[in-house]
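First the structure, in the form of C-alpha cells, and then the observations on it.
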Amino acid sequence: MRSPAPSAASSEGAASAAMAGALKKTTGLVGLAVAENPHERLRILYTKILGVLQNIPKDAAYRKYTEQIVNERFDLVKKETDVQKLQDKLNSGQIEEVIVQAENELSLARKMIQWKPWEPLVEEPPSDQWRWPI
C-alpha cells in the first residue's frame with residue numbers, strides 16, 4: 001500500500017527545515033548551538049528589553065541609548081527575513097551571538113532597575129577619588 005501524498009504545507013516546512021540544516025549545522029563556537037528560530041527569539045527578547053526600559057526614567061542615559069540600539073535592531077529583525085542578510089546588517093557576529101547579547105542586555109536592564117544609577121549619590125565621593133597615583 002502506498003501512503004497518501006504529503007500536503008504542500010508539510011513538504012514546504014520539511015524543505016525549509018532541510019535547507020536550514022544544509023546552510024548551517026554549527027556555529028563553530030563551543031557551547032553555542034545553532035538557533036532554530038532566531039527571528040522569533042530576537043523579537044521576544046527585544047520586546048522584553050523595551051518593556052523593562054519603560055521602568056527607567058526617560059532622561060536616563062542608559063534608557064535613551066539602549067532604546068535607540070534595540071529599536072534599530074528590532075526594525076532590522078522585522079524587515080529582513082533572511083538570516084544571513086540580517087546577520088550581515090546587524091554586524092555583531094553570528095545571529096546566535098546577537099541572541100546572547102540580547103539575553104545579556106535584558107539581564108542588565110533588569111539589574112539597572114534595582115541599582116538605579118540615575119539617582120544622586122548617597123554621599124559625595126572623596127575629592128581625590130580619581131587621582132592616580134596617590
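Quick note: the sequence shown uses the working numbering, first residue 1, plus one each step. Quick reminder that beta carbons are idealized off the backbone N, C-alpha and C, glycines included.
Under DSSP, the alpha helix (DSSP H) around residue i begins and ends at which residues?
i, result
"Gly28", "Note, Gly28: premise wrong, no alpha helix (DSSP H); not H, not E."
"Ser107", "95–115"
"Asp88", "83–90"
"Asp59", "It is not in any alpha helix (DSSP H) - Asp59 carries neither H nor E in the DSSP assignment."
"Leu121", "Taken as a continuous stretch (DSSP letters only), Leu121 belongs to no alpha helix (DSSP H), as it is neither H nor E."
"Glu80", "From DSSP, Glu80 is part of no alpha helix (DSSP H); its letter is neither H nor E."
"Pro125", "Element bounds for Pro125: n/a, residue is neither H nor E."
So, under 8 Å CB-CB, residue i and residue j are touching, yes? Tell me the CB distance rounded to an integer number of Å.
i, j, result
"Leu106", "Ile49", "5 Å"
"Thr66", "Ala109", "7 Å"
"Glu80", "Lys89", "6 Å"
"Trp132", "Ala60", "Not quite, the Cβ-Cβ distance comes to about 29 Å (not below 8 Å), so this is no contact."
"Met112", "Tyr62", "6 Å"
"Val70", "Arg43", "In fact, because the Cβ distance is near 11 Å, the residues do not count as touching under 8 Å."
State buried or exposed for residue i, treating a residue as buried only when at least 16 other CB atoms are found within 10 Å of its CB.
i, result
"Leu173", "As displayed, the chain neither begins before 1 nor continues past 134, which places residue 173 out of reach and without an answer."
"Ile95", "buried"
"Gly31", "exposed"
If we cut at 8 Å on Cβ distances, does residue i have a partner in chain C?
i, result
"Lys89", "Judged by its chain identifiers, the structure shown contains no chain C, having just a single protein chain."
Check: Are the region 23–39 and the region 97–113 in contact at 8 Å, needing three or more beta carbon pairs?
Finding: Result yes; three or more Cβ-Cβ pairs closer than 8 Å.
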